[in-house]
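There are 2 protein chains.
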Amino acid sequence: MNSELLLREHDLKVTPQRLGILSLMKIKGHVDVEELFLTMKKQFSSISLATLYKNVNAMLEKQLITEIKAPKLKAKYEIVKEPHIHLLCKECNEFVDLDINLETLIDDASKKSNYQLEESCVVLSGLCEKCQTN
Amino acid sequence: MNSELLLREHDLKVTPQRLGILSLMKIKGHVDVEELFLTMKKQFSSISLATLYKNVNAMLEKQLITEIKAPKLKAKYEIVKEPHIHLLCKECNEFVDLDINLETLIDDASKKSNYQLEESCVVLSGLCEKCQTN
DNA sequence: GCTTAAAAGATAATTATTATCCTTTGATAA
DNA sequence: TTATCAAAGGATAATAATTATCTTTTAAGC
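If you read the sequences in order, they're chains A and B.
Position 2 of the first sequence, counting from 1, maps to 14 under the numbering used here, and the rest follow consecutively.
Position 95 of the second sequence, counting from 1, maps to 107 under the numbering used here, and the rest follow consecutively.
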C-alpha cells in the first residue's frame, strides 16, 4: 500500500522522513535503527537519531509497524503483516520471513491459556542453507 | 535437576552466586537482570551487577539458560527446556510458559526453508484472563 | 498565505551492557 | 590439607542504546 495513505490511516502526519522510513522497510523488509540511520543519512543528511527513534515509537504505537526482538539481535522493525515466522541464521545473521500460517498455533494457544492474543513474535534460529555446508 | 550438577555438566565452576541465580530461575521461571540483582542482594549483599551479567552470559554460551526477548520487555532468562510458547499479558505484564509442543512447527519451518533450526523464541502477547474483564 | 500543533534536529540525560583491573576463591593435584 | 593457579567476584570506568528536553521548522486545516 501507498505509504502516504498508510500514514494517514494510522493518524500520523506525512513527512518526508517518515516516507523514507517506510520506503526502506518496504525494500529491506526488516530494519534496525542503525540501518535506518545510515541509509536515511544519504537522503536526509541532517537527519537525527532522535527523529528515527521517535518515529519508530510513534509507528509502533499506532500499530503500523511491529518490533521483532531475538537473542543476539538488535530490535528490528517491519511493516505489520499477518503473523509469520522469522528465521535467523546464527552464522551469517541473515534474517528472513517465512510465511507459514500461525493461525492454528495462535488459536490453540489462546484456547489452552484463555489469553486473548493479539501479537506474535516468533523467531527460529539456526543455520541457513549456505552456512550448513561451510 | 540439581543445580550443582547442572553447572558441572556445562563446564561451569560451582559458586554460591551461580547457585543462587539458578535457584531463583527455578522458583520464578523467568527472570531479568534487574530482578536477579535485587533478589540476589538479599542473600549476597555485596554482589555486583557485573557478576550477574558475566554469569548470565557464561550460562548462555554454555546453553544452560536461554534468553527471551520480546517487544516492550527486558531480556528474560530461563533454564533451557523443550521449545515452548511464552505468553505475555500487555496489561499486567504477566509472563508465563505454555507447554504446547512446537516440534511440528519447527520441523515444518525447517523443511520449507532448509534451515537447520536449533533455537526458538516464541512470544505471543495479548490479554490474560484477568485483564480481559477489567 | 496564516496559524498552530506536531515533527525535526541538536544535544543532554538516562539506562543497559560490557570492559578493565585488582582481589578472592574453587578445583586440582602434590 | 595445603599450595597453586586459572577463573570468578567486585568495583567502577567505558561504551552503547534509548529517551528526554528544548528550540526551530514544517505539515495540515482554515
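For each residue, glycine too, the CB sits at the ideal point set by N, CA and C.
### Message
Is there a C-beta anywhere in chain A that falls below 8 Å from the one on residue 25 of chain B?
### Response
Position 13 of the second sequence, counted from the first residue, corresponds to residue 25 of chain B. No, residue 25 of chain B lies away from the interface with chain A (no Cβ there is under 8 Å from its Cβ).
### Query
Are the stretch 36-44 of chain B and the stretch 77-94 of chain B in contact at 8 Å, needing three or more beta carbon pairs?
yes
### Message
Give me the residue from B:18, B:85, B:17 and B:14 with the minimum Cα distance to residue 47 of chain B.
### Response
On the second sequence, position 35 is the one that residue 47 of chain B refers to. Of B:18, B:85, B:17 and B:14, the residue nearest in Cα terms is B:85.
### Message
Does residue 131 of chain B come out as helix, strand or coil in the three-state DSSP assignment?
### Response
Within the second sequence, residue 131 of chain B is the residue found at index 119, counting from 1. If DSSP states are grouped into helix, strand and coil, residue 131 of chain B belongs with the strands.
### Message
Please list, in chain order, the chain A residues whose beta carbon lies closer than 8 Å to that of residue 149 of chain B.
### Response
No statement about residue 149 of chain B is possible, as the shown extent of chain B runs from 13 to 146 and does not include it.
### Query
What residues of chain B sit near residue 133 of chain A, judged by a beta carbon separation below 7 Å?
Taking the first residue of the first sequence as 1, we reach residue 133 of chain A at position 121. Within 7 Å Cβ-Cβ: 82, 83 and 135.
### Message
Applying the 10 Å Cβ sphere with the 16-neighbour rule, what's the burial state of residue 20 of chain A?
### Response
Sequence index remark: in the first sequence, residue 20 of chain A carries index 8 (1-based). Classification of residue 20 of chain A: exposed, given that the 10 Å Cβ count is below 16.
### Query
Given that residue 118 of chain B touches chain A, what residues does it touch there, using C-beta distances under 7 Å?
Start at 1 with the first residue of the second sequence, and residue 118 of chain B comes out as number 106. The contacting residues are 136.
### Message
Looking only at its chain, what residues have a beta carbon closer than 6 Å to the beta carbon of residue 112 of chain B, apart from the 5 residues adjacent to it on each side?
### Response
The residue labelled residue 112 of chain B in the question sits at position 100 within the second sequence. Excluding residues within five positions, the ones whose Cβ falls inside 6 Å are 97.
### Query
How about residue 126 of chain B: is its Cβ closer than 7 Å to a heavy atom in the ligand SAH?
Of the ligands one can find in the structure shown there are none, so the ligand SAH has no counterpart to examine.
### Query
Just reading off the beta strand (DSSP E) that residue 93 of chain B is part of, what are its end residues?
Working through the second sequence from its first residue, we reach residue 93 of chain B at position 81. It is not in any beta strand (DSSP E) - residue 93 of chain B carries neither H nor E in the DSSP assignment.
### Message
According to DSSP, simplified to helix, strand and coil, what is residue 120 of chain B?
### Response
Mapped onto the second sequence, residue 120 of chain B falls at position 108. In the structure shown, residue 120 of chain B sits in a helix (DSSP, three-state: H, G or I).
### Query
When we look at the beta-carbon of residue 104 of chain A and count the other beta-carbons within 10 Å, is it buried (16 or more) or exposed?
For this step, residue 104 of chain A is matched to residue 92 along the first sequence. With fewer than 16 Cβ atoms within 10 Å of its Cβ, residue 104 of chain A is classed as exposed.
### Query
How about residue 144 of chain B: is its C-beta nearer than 8 Å to some C-beta of chain A?
Within the second sequence, numbered from 1, the residue matching residue 144 of chain B stands at position 132. Yes - at least one Cβ of chain A is within 8 Å of the one on residue 144 of chain B.
### Task
Quick one: list the residues of chain A neighbouring residue 112 of chain B, beta-carbon separation under 8 Å, in chain order.
Counting from one through the second sequence, the residue named residue 112 of chain B turns up at place 100. 117, 120, 121 and 124, listed in chain order.
### Query
Skipping 5 residues on each side, what residues in its chain have a beta carbon closer than 7 Å to that of residue 135 of chain A?
As a working note, residue 135 of chain A is residue 123 in the first sequence. Result list for residue 135 of chain A: 80, 82, 98 and 100, in chain order.
### Message
I'd like the list of long-range same chain contacts for residue 102 of chain A, defined as Cβ closer than 7 Å, with 5 residues on each side in sequence excluded.
### Response
For this step, residue 102 of chain A is matched to residue 90 along the first sequence. These residues qualify, in order along the chain: 137, 138 and 139.
### Message
Quick check: what's the CA-CA separation for residue 146 of chain A versus residue 130 of chain B?
### Response
Taking the first sequence and counting its residues from 1, the one referred to as residue 146 of chain A is at position 134. Taking the second sequence and counting its residues from 1, the one referred to as residue 130 of chain B is at position 118. Each residue's Cα considered, the two are about 17 Å apart.
### Message
So, for residue 72 of chain B: in the same chain, excluding its five sequence neighbours on each side, which residues have a beta-carbon less than 8 Å away from its beta-carbon?
### Response
Position 60 of the second sequence holds residue 72 of chain B. Same-chain partners within the cutoff: 78, 79 and 89.
### Task
For residue 148 of chain B, collect the residues of the same chain with a Cβ closer than 6 Å to its Cβ; drop the 5 residues on either side in sequence, then sort them by chain order.
Outside the modelled stretch of chain B, which goes from 13 to 146, sits residue 148 of chain B, for which no answer is possible.
### Task
State the start and end residues of the unbroken alpha helix (DSSP H) segment that holds residue 108 of chain A.
Looking up residue 108 of chain A in the first sequence gives position 96. Note, residue 108 of chain A: premise wrong, no alpha helix (DSSP H); beta strand (DSSP E) at 107-110.
### Task
Would you mind working out which of B:109, B:43 and B:122 sits nearest residue 141 of chain A, comparing C-alpha positions?
Numbered from 1 along the first sequence, position 129 holds the residue referred to as residue 141 of chain A. Checked all of B:109, B:43 and B:122; the closest Cα to residue 141 of chain A is B:122.
### Query
Closest to residue 27 of chain A by CA distance: which of A:110, A:59, A:124 and A:45 is it?
Here residue 27 of chain A refers to the residue found at position 15 of the first sequence. Out of A:110, A:59, A:124 and A:45, A:59 has the C-alpha closest to the C-alpha of residue 27 of chain A.
### Task
Within its chain, find whatever has a CB closer than 6 Å to the CB of residue 51 of chain A; leave out the 5 residues flanking it on each side and keep chain order.
On the first sequence, position 39 is the one that residue 51 of chain A refers to. Cβ neighbours of residue 51 of chain A beyond the five flanking positions: 36.
### Nearest residue (CA-CA) to residue 15 of chain A, options A:56, A:76 and A:144
If you number the first sequence from 1, residue 15 of chain A lands on position 3. Per the Cα distances, A:76.
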